[in-house]
Amino acid sequence: MRKVYNSFEDIELDLKRLDLERQIAKEELKAVKGELKESLQPSQWMQTGIKVAGKLGSMVLLKKLFKR
8 MRKVYNSFED IELDLKRLDL ERQIAKEELK AVKGELKESL QPSQWMQTGI KVAGKLGSMV
68 LLKKLFKR
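Following my numbering, the numbering of the sequence shown begins with 8 at its first residue and continues without gaps.
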């Protein structure tokens with residue numbers, strides 16, 4: 008269903024609102040791009056690998072302690 012405008016002011020307000028929504032969406036995309044770029048850095052991969060290795064190591068250690 009199409010929106011019916013009663014004046015040029017209504018059209019201008021709607022265009023301004025749509026322009027602001029477009030600008031907000033653009034900024035959100037920039038933020039997501041930055042976060043993705045940061046998360047793909049090698050240092051982030053190393054930190055993730057170290058965390059996983061630490062968790063696995065502690066689980067293996069606990070298993071060995073409880074088997075005795």
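Even glycine gets a Cβ: it sits at the ideal position worked out from N, Cα and C. From a predicted model like this one, the values you see are computed outputs, not experimental measurements.
{"Check": "Could you check whether the Cβ of residue 18 sits closer than 8 Å to any Cβ belonging to chain D?", "Outcome": "Looking for chain D here will not work: only one protein chain is present."}
{"Check": "By DSSP, does residue 65 sit in helix, in strand, or in coil?", "Outcome": "helix"}
{"Check": "Nearest-angstrom Cα distance between residue 27 and residue 50?", "Outcome": "36 Å"}
{"Check": "Taking just the CA atoms, how far does residue 11 sit from residue 22?", "Outcome": "14 Å"}
{"Check": "Cα separation between residue 73 and residue 59?", "Outcome": "21 Å"}
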